[in-house]
Every structure is written in C-alpha cells, then in structure tokens.
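Colleague: As given, the protein sequences belong to chains A and B, one line each in that order.
Residue 1535 in this note's numbering is what sits at position 136 of the first sequence, and the numbering runs on without skipping anything.
Residue 184 in this note's numbering is what sits at position 75 of the second sequence, and the numbering runs on without skipping anything.
Using N, Cα and C, we set each Cβ at its ideal position, and we do this for glycine too.
Treat the numbers as computed from the prediction; the structure is a model and nothing was measured.
Sharing a structure with you now.
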Amino acid sequence: MDQFLQLIVAGLATGAIYALAAIGFTLVWQTSQTINFAQGEFVMLPAILVLTAAHLGLPMGVAFIVGSVAFVLLFGFGFKRFLVEPMQRHGVLPLAIATMALSVLIKEAAKNGFSAEAQPFPSLVPDGSVSVLGAAVSVRDIAIFVVAIAAILGLQAFITHTRTGRTMQATAQNPTVARILGVPVERMILLTFLINAALALIASYLISPVYLAKFSNGETIGLAAFIAAIVGGFNQIRGALAGGFLIGLIDNLAAAYVSSAYRTAVPLVVLVVVILVKPEGLLGRKEERTV
Amino acid sequence: MLFKTMAAAIALTAAMTVSAVAGTVKLIDVIELSGPGAPAGTNWKNGSDLAVAEINAKGGILGQQIELIHYDSQTNPGATRAAVQRAVDEDAYVVLGPIFSGPISASMQITQRAGVPQIVGGEAAAFTRQGNNYIFRTSLNQADSMPKLANYLRDEVKAKSVAVVWINNDFGKGGRDSMIPELQKRGIQVAADIATESGQADFAADAIKVKNANADAVFVYLNEEESARFLRAARQQGIAKPIIGETTLLGAKVIELAGEAANGVKGHVGLLVDAPKPTLVEFGKKYAAKYGFTSDHNGIKGYTAVYTVKAITERIGKLDREAFAKALHGARIDVAQEPGILIDTKWTATGDVDRESFLIEIVNGKPVVKATLPMINP
C-alpha cells in the first residue's frame, strides 16, 4: 500500500508537468488550429538558456531572469510573429510541419550551442521525504504538483474571471466575430502564446532538476504531453489537465507494475482506446467543420 | 597470374604500411560524442587528444606525428558500424573506441576482418570471449570486477540481501548477469531485480520499488546520466540503505550531475584520478587544467589507449597492425617503462586487461580511496 501511494504521488507530479505542456498544445490549437510539435522542446529550452546565461558568468538569480525573459520573448512573441503568422495563411499542415522543423532546430541548437551532455540544474525545492498516511513521499514531488496546479488554477481563474481572459476565450471560439465586436484579436492571440511560453517555462524549471538539463528532454515530455492532450481532449484546458495527470499516473504505475521497457507503450495503448471509444477525448468537445 | 599475385602483395604491403608512407600515424577514434554516451565519449576524446598532443610534442611515435581523427558514434550501433567501416577504409593504423558495449559488439567484426587493432573502452564481458584477436580493452572486464564487488558486499557491507538496478543494454545486462551469480554464490539474496532503459529520464518508480524491496544494500549498474538521475530519485524517495556501484556510478560526471545525492555511494573503481598513484594524480591535474573539469575513468582510458599504441609500436619497432595485435596479447606495460600508461597494466591472451583497482566512497562530492585491490594475476 505504501508503494502504491508513493507511486500515485510521483505519478501526479509527473502528470502535472505533462499537464503544463499539454495545456500549451491546447492553447496553440485554440488560437491557430495547429499542433505545435516543438512543445516538448519549449519545455527543454528554458533550463538550457538559464545555464547558458550562468556559464557566461551571470549569478544564478540573474541567469534565471535573463533566461526566462529571453525564452518568453523568443518563443512567445517570436514564435507567433516569425513562424505562426507567416505560415498560418498557407494552411494548417505547412504550419505543423514548420513546428516540426522548429523542434529539430531548437534541439540541435541546444546540443551544438550548449552541450550534448546532461547538466545539473538547481532545484528550488529541498530533497527528502515526508510522511503522508504512513508512507514516505518525496517533498519535490509534492512541490512540483502544488506549483503546477497553482499555475493551472491561476490560468483558469484568469481566463474565466477576468475581462481579458473572457476576450481571449471569445477570440479562440470565433476570431472573426470577435474582431467585428471590437476585440483586439492579434493582441489576444499574442497573449495566448506568451502564456504558453510561461507555462513551458514553469514546467522546465520544475522538471530539469529531476531529468537534468539536456537537449533531448523535449522528446520524452513532448510525446507524453501530446498523448495527454489527445486523451484528455485537445480543445479543452480541463481536458489537457486531466489527460496530463492520467498519463503521468499510468506512466509511473506501468514502470512499477509492468516494466520500464513498456512504460511508454502503455500510454499509447490508452491513446488508441480513447481514439476508438471517444475520439474527442475524455473531456473534449466535439468539433464539426465544413470541408 | 604472377602479375596479379605481385599486385595483390604490393597492395597489401601498401595497406599495412600506408600510415608510414603518409608520414603520420593515423589513429581514428570512433567515440560517443552525442546520445546517452556523450559524457563518457567526451572524457575519452579529451584524454586521447591530451595524449596525442604530449606524444607529438616529444617527437611522435617512431619519429612520426600522430594524426588523430574523431568520428561521432552517436551511441548508436548502426552509426558506429558506419564510422568503424570508414575508419578502416581510411586506413587507420589503430581504431580507438567506442566505449558502449552494444556498439562495440556491433562493429568489432569490421576491424577484425580488416586486421586493424581496435582499443575500446567497454566493460561488458562478452566481446573479448569471441576469439577476436584484434579487440583490446582499456578497462577491467566486468566479469573480473563483479567478484571483487560481491566480496565487498558480503565482507564490508555485511549485506544479506541486495536490490539490483541495471540498465537494459549490453553493458547493463552483462553486469547484471555477472553480478547476480556472484551474489548467489556468497549466499546473498537478490531482493529486487529492476531493469531500466537507456536514456530514461524519470526514475521515481524504480526508486520506489527499490525502497519497498527493503534490501540491505542497493547495487546500481547504469550509464552516467542514468546513474545520476537514479541517485537523485533515490535521495528524493529517502532511500537510506548503502548504494553500491562499479566504476561508472562513482565517476566524476555522475558525482557532478548527482550533486549531494552522490555522497555516501560506495564501490569498486578500476581507474580514477584520485587514486594513490602519482601518475594518475598528475594526469588528473593536466586534464583539469586543459578542459576545466575533472576527468572520469573514460578520460584515463582515452589517454592510456593512445599511450598503449605508442608503447607497443615502439616495442615492435614498426607500424605493422598484425605485429601490433600479436605484441599486445600478453603484454605488460609498466609505468616505469612508459609513464603515459599511468598504472601498470597487463593484457591477457583475449585482450582483457589486468591491473590494480580501488574501493572508494564518495565523501563531500569527492571520491575517497578506502583500499587498493591487487591485480588478479600479478
């Protein structure tokens, strides 16, 4: 029972990271109707930027600020302005392919410009464990879960309880009507991309002390988050959230009770089942389009 | 017919001595510069570069400069085979590397067929048991290391049960298959037998399984980055039992990556720059001064691989691959004869090495040598 409880907590912590990245998929989908295949690399990169700034001689606190600002500017504003906007007018598929190219570019740039080796990344949370219902549970797992949930709840509150958030929602649902009603659509879309970058930033700082900062981290996280977004429902934030936790739990339980070799296969099986049974995802909304 | 025979003989002679004709000793290093083996490969590359710079500054080998070319194996058997084939096609005198045992096993037939000696960094037991006369190690065979470690677990740690965590590749499987029988021979129960994957990022579930196995000690046999991630996960999950490993777990890169989580880890190490050997200490200082970080055992292996080429080539007095391979089987190179070898080393008839080794513990982020173990057959 102790082992099961520990695995549940560890699974929720992993799932919280997947949820942060999966919400990014949802946000980009809602605003540009495309899939950002570089989402995993978006989670990998902030830690690399911070370490690069630190290697240039900046104190770690300053390096965090410089890395964070650089990332949000480059992959919030820059991503929208220089990749999404020019490619979007050519259709969804070219844009999706462009994000694949971006994924490779970011990964190779991190490998060649920084290091092919993993690097330690400072943790903001102490090591060790605390007793929960008699089982020793990792403090870091709890902290990852709490911070990620706080970020997601904050986002949800912002979207549902503020005027700007509701305007963002209107833009996502129907940009043409929103524009007629006087909504600054371009600004709302930009805000969505900045939020996506900020969520990736948080995920990066939470997971890099555990995974170590490495150019290839995005592969694992990107695939898991993509599966989570589809399983939960690609067009709903709550779907991405539920999908993230579900995949995180399945991932950890499969590693413990099936085998590490098959841990990545089990979520894929779940994905296939969900697509067959409920194609819109567990909490997703059915979308119909005219072709 | 006579013409064809003469042409073949001339071509063969040219192939055997092409490095001499070109005026350089061409060494081609097929090494892990990307992929999961990048930390090991980078250390090896640096060590071999350092040795080449030193030897060339002193006049080279038999008066000829060494030309060292590095090809990235990408820690991938397919890419390694392609790079080793390229090395053979480009007429390497000796091929150095790789380190990972899977890529070695997948590529060593190429050098064997071409009659090119290959000096590798792998530790898996299998590849020196296949009758290949051109494969040579720079580190102890894991089959020789595991009995020493099993004795340590029984006699020093007093473990009655051990959880075994290993990486599911040739290196890890070879280590696991060598270790478990050694534990059982000594009456030590295997409380958990946990396979992990190469490149695995999340070890929380594995650490939880280890913790709940409630063994007296944990034996960890993973590659560098995975070792560090496991140690961090073990610390997070509050594993308090002794964590014991073999060489890689106690390497400088793992200590750097794992941080405080490496403290208290104990085990057996074949090569380290903190060993009580002046030549190893001196190498460690030179390496750190040039590259800005501490060499792990792979840096030493890369360095000594080049000095092995120098010592044996000077011993045979010519650049002859076949004579080189024959001479290295059963050879012994002592520091007194060739300081660059760093520690007295013997090669067996199968290409395995025999040398002294060390029991160490990580204390405050530094390896501390607790005992020096003798050669198996001094």
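In chain A, which residues lie with their C-beta within 8 Å of the C-beta of P148/B?
Modeller: Residue mapping note: residue 148/B aligns to position 39 of the second sequence, counting from 1. Per Cβ cutoff of 8 Å: E1516, A1517.
Colleague: What is the rounded straight-line gap between the Cα of G1643/A and the Cα of A215/B?
Modeller: Counting from one through the first sequence, the residue named residue 1643/A turns up at place 244. Counting from one through the second sequence, the residue named residue 215/B turns up at place 106. Computed Cα separation, rounded: 39 Å.
Colleague: Contact check, S1537/A vs A1409/A under 8 Å by CB: the rounded distance?
Modeller: Taking the first sequence and counting its residues from 1, one reaches residue 1537/A at position 138. Taking the first sequence and counting its residues from 1, one reaches residue 1409/A at position 10. Indeed they touch by this definition, with Cβ atoms about 7 Å apart.
Colleague: For D325/B, report the span of its beta strand (DSSP E) as first-last.
Modeller: On the second sequence, position 216 is the one that residue 325/B refers to. From DSSP, D325/B is part of no beta strand (DSSP E); its letter is neither H nor E.
Colleague: Residues of chain A with a CB under 7 Å from the CB of T357/B: which are they?
Modeller: Within the second sequence, numbered from 1, the residue matching residue 357/B stands at position 248. From the beta-carbon of T357/B, no residue of chain A is found nearer than 7 Å; the closest lies around 14 Å away.
Colleague: For a contact meaning CB atoms closer than 7 Å, what does L1611/A contact in chain B?
Modeller: For the purposes of this step, residue 1611/A is taken as the residue at position 212 of the first sequence. The contacting residues are E334, A337, R338, L366.
Colleague: Residues bridged to D302/B by DSSP?
Modeller: Taking the first residue of the second sequence as 1, we reach residue 302/B at position 193. Answer is V273/B, bridged to D302/B.
Colleague: Who are the near neighbours of Q446/B in its chain, counting only those whose CB is closer than 8 Å to its CB and skipping five residues on each side?
Modeller: Against the second sequence, residue 446/B aligns to sequence position 337. The answer, listed in chain order, is A420.
Colleague: Apply the 10 Å Cβ neighbour rule to L1472/A and answer buried if 16 or more other Cβ atoms are within range, or exposed otherwise.
Modeller: In the first sequence, residue 1472/A corresponds to position 73, counting from 1. Answer is exposed; the Cβ neighbour count stays below 16.
Colleague: What do you reckon, are the CB atoms on F328/B and M288/B nearer than 8 Å?
Modeller: The residue given as residue 328/B occupies position 219 in the second sequence. The residue given as residue 288/B occupies position 179 in the second sequence. It is a contact, given that the beta carbons lie within the stated cut-off.
Colleague: Determine whether the Cβ of T189/B lies closer than 8 Å to any Cβ atom of chain A.
Modeller: Mapped onto the second sequence, residue 189/B falls at position 80. Output row for T189/B: interface = no.
Colleague: What beta strand (DSSP E) runs, 3 residues minimum, are completely inside the segment 307–363 of chain B?
Modeller: 326–330, 352–355
Colleague: So, with DSSP's three-state summary, where would you put Y202/B?
Modeller: Indexing the second sequence from 1 puts residue 202/B at position 93. Y202/B: coil per DSSP, three-state reduction.
Colleague: Where H179/B and A322/B are concerned, what is the direct C-alpha to C-alpha distance, given to the nearest angstrom?
Modeller: Reading the second sequence from its first residue, position 70 is the one you call residue 179/B. Reading the second sequence from its first residue, position 213 is the one you call residue 322/B. In a straight line, the C-alpha of H179/B is about 44 Å away from that of A322/B.
Colleague: Taking the alpha carbon of R1539/A as the point to measure from, which residue in G1477/A, S1607/A, Y1656/A has its own alpha carbon closest?
Modeller: Along the first sequence, one-based indexing puts residue 1539/A at 140. Comparing Cα-Cα distances from R1539/A to each of G1477/A, S1607/A, Y1656/A, the minimum goes to S1607/A.
Colleague: Can you give me the start and stop residues for the beta strand (DSSP E) that P476/B sits inside?
Modeller: Sequence index remark: in the second sequence, residue 476/B carries index 367 (1-based). Per DSSP, P476/B belongs to the beta strand (DSSP E) from 475–482.
Colleague: If you drop the 5 nearest sequence neighbours on each side, which residues of the same chain put their C-beta closer than 7 Å to that of Y416/B?
Modeller: Translated into the one-based positions of the second sequence, residue 416/B becomes position 307. Closer than 7 Å at Cβ, skipping near neighbours: A160, E447, G449, I450.
Colleague: For F1441/A versus G1423/A, is the C-beta spacing smaller than 8 Å?
Modeller: Your numbering for residue 1441/A matches position 42 in the first sequence. Your numbering for residue 1423/A matches position 24 in the first sequence. Cβ atoms of F1441/A and G1423/A: closer than 8 Å.
Colleague: Quick one: residues in its chain with C-beta nearer than 7 Å to the C-beta of Q1555/A, no 5 flanking neighbours on either side, listed in chain order?
Modeller: Residue numbering aside, residue 1555/A sits at position 156 when the first sequence is read from its first letter. Cβ neighbours of Q1555/A beyond the five flanking positions: I1636.
Colleague: Where are the alpha helix (DSSP H) runs, 4 residues long or more, that stay fully inside the segment 1415–1471 of chain A, in chain order?
Modeller: 1438–1454, 1459–1471
Colleague: Identify each residue in the segment 307–320 of chain B for which the Cβ-Cβ distance to at least one residue of chain A is less than 9 Å, and report them in chain order.
Modeller: G308, Q309, A310, D311, F312, A313, A314, D315, A316, I317, K318, K320
Colleague: Is the beta carbon of T247/B closer than 8 Å to that of K410/B?
Modeller: Counted from its first residue, the second sequence places residue 410/B at position 301. Counted from its first residue, the second sequence places residue 247/B at position 138. Yes, the pair counts as a contact, with Cβ atoms nearer than the cut-off.
Colleague: Return the chain-ordered ranges of every alpha helix (DSSP H) run that is complete within the segment 371–414 of chain B and spans a minimum of 4 residues.
Modeller: 387–400
Colleague: When the Cα of D138/B is compared with those of Q194/B, I425/B, G187/B, which residue comes out closest?
Modeller: As a working mapping, residue 138/B is identified with position 29 in the second sequence. If we check each option's Cα against that of D138/B, Q194/B comes out closest.
Colleague: Return the first residue and the last residue of the beta strand (DSSP E) that A440/B is part of.
Modeller: As a working note, residue 440/B is residue 331 in the second sequence. From DSSP, A440/B is part of no beta strand (DSSP E); its letter is neither H nor E.
Colleague: Measure the CB-CB distance between N372/B and G439/B and report whether it falls below 8 Å.
Modeller: Position 263 of the second sequence, counting from 1, holds the residue named residue 372/B. Position 330 of the second sequence, counting from 1, holds the residue named residue 439/B. In this structure, N372/B sits away from G439/B, with a CB-CB distance that is not shorter than 8 Å.
Colleague: Below 7 Å between beta carbons is the criterion; list the residues of the segment 1639–1668 of chain A that meet it against any residue of chain B, in chain order.
Modeller: N1651, A1654, A1655, S1658, S1659, A1660
Colleague: Compare the C-alpha of L1648/A against each of L1411/A, F1403/A, Q1402/A and name the closest.
Modeller: Along the first sequence, read from residue 1 onward, the residue named residue 1648/A stands at position 249. Comparing Cα-Cα distances from L1648/A to each of L1411/A, F1403/A, Q1402/A, the minimum goes to L1411/A.
Colleague: At the 8 Å Cβ level, is K1510/A part of the contact set with chain B, yes or no?
Modeller: The residue labelled residue 1510/A in the question sits at position 111 within the first sequence. Chain B, which has a Cβ nearer than 8 Å to the Cβ of K1510/A, makes this yes.
Colleague: Out of F1403/A, F1463/A, F1478/A, L1448/A, state which residue places its alpha-carbon closest to the alpha-carbon of I1588/A.
Modeller: Locating residue 1588/A in the first sequence gives position 189, where the first residue counts as 1. The residue from F1403/A, F1463/A, F1478/A, L1448/A with its alpha-carbon nearest to that of I1588/A is F1478/A.
Colleague: Within the same chain, show all residues whose beta-carbon is closer than 7 Å to that of N486/B, passing over the 5 residues directly before and after it, in chain order.
Modeller: Looking up residue 486/B in the second sequence gives position 377. Same-chain partners within the cutoff: D463.
Colleague: Hey, would you say I1558/A sits closer than 8 Å to A1418/A, going by beta carbons?
Modeller: The count along the first sequence starts at 1 and reaches residue 1558/A at position 159. The count along the first sequence starts at 1 and reaches residue 1418/A at position 19. Cβ atoms of I1558/A and A1418/A: not closer than 8 Å.
Colleague: Kindly indicate the opening and closing residues of the alpha helix (DSSP H) around E163/B.
Modeller: As a first step, residue 163/B is located in the second sequence; it is residue number 54 there, counting from the start. That run of the alpha helix (DSSP H) goes 147–166.
Colleague: Note down, one range per segment and in chain order, each beta strand (DSSP E) of at least 3 residues found wholly within the segment 1490–1570 of chain A.
Modeller: Whole beta strand (DSSP E) segments, 3+ residues: 1528–1531, 1534–1537.
Colleague: Beta-carbon separation of W153/B and G206/B under 8 Å?
Modeller: Residue mapping note: residue 153/B aligns to position 44 of the second sequence, counting from 1. Residue mapping note: residue 206/B aligns to position 97 of the second sequence, counting from 1. Going by beta carbons, W153/B and G206/B fall inside the 8 Å limit.
Colleague: Determine, using beta carbons only, whether E1516/A and A147/B come nearer to each other than 8 Å.
Modeller: Taking the first residue of the first sequence as position 1, residue 1516/A is located at position 117. Taking the first residue of the second sequence as position 1, residue 147/B is located at position 38. Contact: yes.
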